[in-house]
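In this note's numbering, each residue's number is its place in the sequence shown (first place is 1) plus 11.
For every residue, glycine included, the Cβ atom is placed at its ideal position computed from N, Cα and C.
In what follows, a single structure is set out as structure tokens and then discussed.
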Amino acid sequence: MQPIVNGLESEYGSEIEFVKINIDDPNSAAAKQEYGFRYQPFFVLVSADGEVLQEWPGYTDAQLFEDAFATLLQN
Numbered sequence: 012m013q014p015i016v017n018g019l020e021s022e023y024g025s026e027i028e029f030v031k032i033n034i035d036d037p038n039s040a041a042a043k044q045e046y047g048f049r050y051q052p053f054f055v056l057v058s059a060d061g062e063v064l065q066e067w068p069g070y071t072d073a074q075l076f077e078d079a080f081a082t083l084l085q086n
């Protein structure tokens, strides 16, 4: 998934902030609890005001991310 995420970040990084969290890192415990990480990988699309817009547990096709990003950026 890392190559897909890196590619999406290259394409959308000027419009969407990408935050990568290692859920095995004890310093990530608060984020893990807040977003309910249960899987690796686990992706969450969060609005600028902190609302969880969409979640993707497990491996996900890049097109699903791109569709969600397009919808977000149209609003």
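8 Å contact criterion, which residue i and residue j should meet: CB distance rounded
i, j, result
"Phe54", "Ile34", "The Cβ separation is near 12 Å, so there is no contact."
"Ile15", "Ala79", "The pair is not a contact, with the Cβ atoms about 14 Å apart (cut-off 8 Å)."
Which listed residue (the options) has its alpha carbon closest to that of residue i
i, options, result
"Tyr46", "Met12, Pro68, Glu26", "Pro68"
"Gln85", "Glu26, Leu75, Ala42, Met12", "Glu26"
"Gln51", "Leu75, Glu66, Gln74", "Glu66"
"Leu56", "Gln13, Gln44, Thr82", "Thr82"
Classification of residue i by the beta-carbon crowding that lies within 10 angstroms, buried from 16 upward
i, result
"Gly29", "A small fix is needed here, since residue 29 is Phe in this sequence, not Gly. Phe29 should be labelled exposed."
Within 8 Å, strictly: CB atoms of residue i and residue j
i, j, result
"Ala40", "Ile32", "no"
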